[in-house]
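Enquirer:
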Amino acid sequence: MLALIFCAVMLMLAVSATGRAAASEALTETSGEPAEKIEDPFGRESPRAMQIGLFNVLGSGDESDLAPYVEGANPASETSLRQLRAFAAALDNSGELIPRLGLPIAPEGSLTDGLDRDLEEIGSLSLESGTVPILARRIETDAGTAIWQVSAETIDQVPLDNFSAAVDDPVEPGRGDIMLLGAPLSAWLFLVGLGLALFTAIVLGFKLIIRRLGLDDQRHAHPVAAILLAAFPPIALMGVYLVLERLAMPLGAGLVERTAIERYSDIAMGFATVWLAWRLAGVVNHLLNRWLRQTDKPAWIGLSNFVTRLFRLALVVVAVATFLATFAIDVTTGLAALGIGGIALALGARKAVEDIVGSVMILADKPVRIGDRCRIGGIEGDVIDIGMRSTRIQTLSRTVLTIPNNVFASESIENLALRDRYFVEQRFLLPYDTAPDKIERILTAARELLEEQASYIPTVCPVRFEGFTPSGFQIHIRCHLKAETYVQGHFVEERFLLALLRRLSGMGVSIAPAAQRVEFAGRPTFMRDAVGVSPDMREGGD
Numbered sequence: 019m020l021a022l023i024f025c026a027v028m029l030m031l032a033v034s035a036t037g038r039a040a041a042s043e044a045l046t047e048t049s050g051e052p053a054e055k056i057e058d059p060f061g062r063e064s065p066r067a068m069q070i071g072l073f074n075v076l077g078s079g080d081e082s083d084l085a086p087y088v089e090g091a092n093p094a095s096e097t098s099l100r101q102l103r104a105f106a107a108a109l110d111n112s113g114e115l116i117p118r119l120g121l122p123i124a125p126e127g128s129l130t131d132g133l134d135r136d137l138e139e140i141g142s143l144s145l146e147s148g149t150v151p152i153l154a155r156r157i158e159t160d161a162g163t164a165i166w167q168v169s170a171e172t173i174d175q176v177p178l179d180n181f182s183a184a185v186d187d188p189v190e191p192g193r194g195d196i197m198l199l200g201a202p203l204s205a206w207l208f209l210v211g212l213g214l215a216l217f218t219a220i221v222l223g224f225k226l227i228i229r230r231l232g233l234d235d236q237r238h239a240h241p242v243a244a245i246l247l248a249a250f251p252p253i254a255l256m257g258v259y260l261v262l263e264r265l266a267m268p269l270g271a272g273l274v275e276r277t278a279i280e281r282y283s284d285i286a287m288g289f290a291t292v293w294l295a296w297r298l299a300g301v302v303n304h305l306l307n308r309w310l311r312q313t314d315k316p317a318w319i320g321l322s323n324f325v326t327r328l329f330r331l332a333l334v335v336v337a338v339a340t341f342l343a344t345f346a347i348d349v350t351t352g353l354a355a356l357g358i359g360g361i362a363l364a365l366g367a368r369k370a371v372e373d374i375v376g377s378v379m380i381l382a383d384k385p386v387r388i389g390d391r392c393r394i395g396g397i398e399g400d401v402i403d404i405g406m407r408s409t410r411i412q413t414l415s416r417t418v419l420t421i422p423n424n425v426f427a428s429e430s431i432e433n434l435a436l437r438d439r440y441f442v443e444q445r446f447l448l449p450y451d452t453a454p455d456k457i458e459r460i461l462t463a464a465r466e467l468l469e470e471q472a473s474y475i476p477t478v479c480p481v482r483f484e485g486f487t488p489s490g491f492q493i494h495i496r497c498h499l500k501a502e503t504y505v506q507g508h509f510v511e512e513r514f515l516l517a518l519l520r521r522l523s524g525m526g527v528s529i530a531p532a533a534q535r536v537e538f539a540g541r542p543t544f545m546r547d548a549v550g551v552s553p554d555m556r557e558g559g560d
């Protein structure tokens, strides 16, 4: 039912999005306006996108590349180029850019930052006169599009005399830093080479110490030790890149290097945070499952595993969305623009949603628990895991059967581990030459033997004489015996049956086999006169 509701919601969203698109197209055709939106070739539609473009051109060494990102800049004017060189030098020496995630991705910018509606702070400069904010202004172009550029007021506050070396001796075009994935090659060598080397050395040293102390067995480790063993590698990764980020400016890195090191260090620390949460969730789940088994509460193990998997899934989704947001990719806009693709998503996700709903039903109703023996669809086995998509059962032949949760939840499930008593039903035969008095003594002996069993649960007429069969007199035993587990019930029944056989053997009673007796009184007359019948068969009874 929930799967159908999910599919219906996705279909409605897709249809509404398609309807809005069709209405927009119809309105465009009616009004005669252009159907396609004009995009800025430099990607300056939002403060975050503009800052990314500005950062990418700072390492080129060509001030003319910086002109599209500065208000009023003219690459054909020497005075404008000198101001751009001074601004680039000020950024490189004492500039700081606000992290990308701190800038709005919406085209209109932030409306709650206390600045004018057309202004947005994207960084700061430390000058002799004090700290100057780097402001971006939203400007309407001649083509009718709104773009963001560094404001002219910010450029005017940079004194040319303080950066005369950079202004009078510009870097030749093409001799700037080698950029790789939006960062200088020097920053990558610093991050990957030094960072991973330090991290590897720290983790290897920690593992050697742990092995010397004999604490490397995580399965039976103390809870505190298990948590520390799981948390140390991510924390070490976070510490290494936090130190590298703080060392960038003392080591003389420029703005491009500092910003790249800061951004990718933040990504590394974000990955370490996700890694830490992932490992801690696994350790806590393992410790909780171990405690549930020790306290004889296996019914909650499936729920614990399900919550852990759900938490990890949400963790990955948030991490991916945050990572894409650092590159100015708006995930919500992409999801809202699915349109007709939402129909395919709804139909494709239907089975997955059904399995998740089935797992919730299994965990809520608890027809089986992890470790229970059950019978489903004629197959008997032990439940070893209840996941988000499927349930795994280890059969008696030691094979693993995987059943989708939506199928498992809709089947008739027989839980063999929840029985509190074991049902015994046996029949045996006595020969026809057994005297009635002896049959009565056999019934009394069987009833007394049952009452002697500590596991016997009193039952009305547990042993009865059911009458005559083609093979002999039939005795029927029907009762319940106490048994805590399914396997223990077999042993209880076995002990009772062996005691019954000994009691009957002591009474000189033999159990008749299930057979039929056939007696021949003689050959029919038609066989004596029949042509082709051998003389031996013509003789009756011989």
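Add 18 to a position in the sequence shown, counting from 1, and you land on the number used in this note's numbering.
Heads up, the beta-carbon is just placed ideally off N, CA and C, and yes, glycines get one too.
Keep in mind it's a predicted model, so treat the numbers as computed, not measured.
Would you check if the distance between the CB atom of proline 449 and the CB atom of serine 523 is smaller than 8 Å?
Expert: No, the pair does not count as a contact, with Cβ atoms beyond the cut-off.
Enquirer: Quick one: Cα of tyrosine 259 to Cα of glycine 376, how far?
Expert: Going by the C-alpha atoms only, they are around 43 Å apart.
Enquirer: Where does proline 65 fall in DSSP's three states?
Expert: Three-state result, proline 65: helix.
Enquirer: Classify threonine 163 as helix, strand or coil using the three-state DSSP reduction.
Expert: Coil, per DSSP.
Enquirer: The alpha helix (DSSP H) with lysine 225 in it runs from where to where?
Expert: 214-231 is the extent of the alpha helix (DSSP H) around lysine 225.
Enquirer: Could you pull the start and end residues of the beta strand (DSSP E) that arginine 387 belongs to?
Expert: Note, arginine 387: premise wrong, no beta strand (DSSP E); not H, not E.
Enquirer: What are the uninterrupted segments assigned as alpha helix (DSSP H) that are 4 or more residues long and contained completely in the segment 415-501, given in chain order?
Expert: Complete alpha helix (DSSP H) runs here, min 4: 423-428 and 454-470.
Enquirer: In chain order, what residues of the same chain have a beta carbon less than 8 Å from the beta carbon of leucine 321, not counting five sequence neighbours either side?
Expert: Leu381, listed in sequence order.
Enquirer: Are the beta-carbon atoms of glutamine 69 and leucine 115 separated by less than 8 Å?
Expert: Yes, they are a contact pair.
Enquirer: Can you check which of these residues, Pro385, Asp383, Phe483 and Trp166, is closest to tyrosine 87 by C-alpha distance?
Expert: Looking at the Cα atoms, Trp166 is the closest of the given residues.
Enquirer: Please list the terminal residues of the continuous alpha helix (DSSP H) segment that includes glutamine 506.
Expert: 504-524 is the extent of the alpha helix (DSSP H) around glutamine 506.
Enquirer: Evaluate contact between the segment 137-146 and the segment 106-124, counting only Cβ atoms and requiring at least three cross-stretch pairs below 8 Å.
Expert: The segment 137-146 vs the segment 106-124: in contact.
Enquirer: Looking at the structure shown, is serine 142 part of a helix, part of a strand, or coil, going by DSSP?
Expert: It is a strand residue.
Enquirer: Quick check on the DSSP output: the alpha helix (DSSP H) that includes valine 242 runs from which residue to which?
Expert: Looking at the DSSP string, the run of the alpha helix (DSSP H) that includes valine 242 is 241-265.
Enquirer: Is the beta carbon of leucine 76 closer than 8 Å to that of alanine 106?
Expert: Cβ atoms of alanine 106 and leucine 76: closer than 8 Å.
Enquirer: Near threonine 487, what residues of its chain come up, given a Cβ to Cβ distance below 7 Å and the 5 sequence neighbours on each side ignored?
Expert: These residues qualify, in order along the chain: Leu447.
Enquirer: Report yes if the CB atom of leucine 305 is closer than 8 Å to the CB atom of proline 241, and no otherwise.
Expert: Yes; because the gap between Cβ atoms is below 8 Å, this pair is in contact.
Enquirer: Which residues bound the alpha helix (DSSP H) around glutamine 101?
Expert: From DSSP, the alpha helix (DSSP H) with glutamine 101 extends over 96-112.
Enquirer: Just how far apart, CA to CA, sit leucine 212 and alanine 243?
Expert: Between leucine 212 and alanine 243, the C-alpha separation is close to 29 Å.
Enquirer: So what does DSSP say about glycine 90, is it helix, strand or coil?
Expert: Three-state result, glycine 90: coil.
Enquirer: Is the beta carbon of valine 378 sitting closer than 8 Å to the one on cysteine 392?
Expert: In this structure, cysteine 392 does not lie closer than 8 Å to valine 378 by Cβ.
Enquirer: If leucine 499 and glutamate 512 are in contact, beta carbons under 8 Å, what's the gap, nearest whole angstrom?
Expert: Between glutamate 512 and leucine 499 the Cβ distance is about 11 Å, and since that is not below 8 Å, they are no contact.
Enquirer: Of the residues Ile404, Asp403 and Ser415, which one's Cα is nearest the Cα of isoleucine 397?
Expert: Nearest C-alpha to isoleucine 397: Ser415.
Enquirer: Between the C-alpha atoms of leucine 178 and proline 59, what's the straight-line distance to the nearest angstrom?
Expert: Answer to the nearest angstrom: the Cα atoms are 30 Å apart.
Enquirer: Counting C-beta neighbours from all protein chains within 10 Å, is the total for alanine 472 16 or more, i.e. buried, or is it exposed?
Expert: Exposed, because fewer than 16 other Cβ atoms sit within 10 Å of the Cβ of alanine 472.
Enquirer: Leaving aside the five residues before and after valine 150 along the sequence, list all residues of the same chain whose C-beta is less than 6 Å from its C-beta, in chain order.
Expert: Excluding residues within five positions, the ones whose Cβ falls inside 6 Å are Leu143 and Gln175.
Enquirer: Would the segment 455-471 and the segment 417-424 be scored as touching if the rule is three or more Cβ pairs under 8 Å?
Expert: Touching, no, given that fewer than three Cβ pairs across the two stretches are closer than 8 Å.
Enquirer: Residues bridged to arginine 156 by DSSP?
Expert: DSSP lists Trp166 as partners of arginine 156.
Enquirer: Mind reading off the beta-carbon distance from threonine 413 to glycine 395? Whole number of angstroms is fine, and I expect it under 8 Å.
Expert: 11 Å between Cβ atoms; not a contact.
Enquirer: Would you call glutamate 126 buried or exposed, if buried means 16 or more other Cβ atoms sit within 10 Å of its Cβ?
Expert: Label assigned to glutamate 126: exposed.
Enquirer: Taking all protein chains shown into account, do 16 or more other C-beta atoms lie within 10 angstroms of the C-beta of glutamate 171, making it buried, or fewer, making it exposed?
Expert: So glutamate 171 counts as exposed.
Enquirer: Excluding the 5 residues preceding and the 5 following serine 49 in the sequence, name in chain order all residues of the same chain whose CB lies nearer than 7 Å to its CB.
Expert: Note that serine 49 scores 40 on pLDDT, short of 50, meaning its location in the model is unreliable and no value can be drawn from it.
Enquirer: Which stretch, first to last residue, makes up the alpha helix (DSSP H) that contains isoleucine 319?
Expert: It spans 319-343 - the alpha helix (DSSP H) in which isoleucine 319 sits, taken as one unbroken run.
Enquirer: If you draw a straight line from the alpha carbon of methionine 406 to that of aspartate 383, how long is it in whole angstroms?
Expert: Taking the straight line joining both Cα atoms gives about 15 Å.
Enquirer: Which word fits aspartate 83, buried or exposed, when buried means at least 16 other C-beta atoms lie within 10 angstroms of its C-beta?
Expert: Under this definition aspartate 83 is a buried residue.
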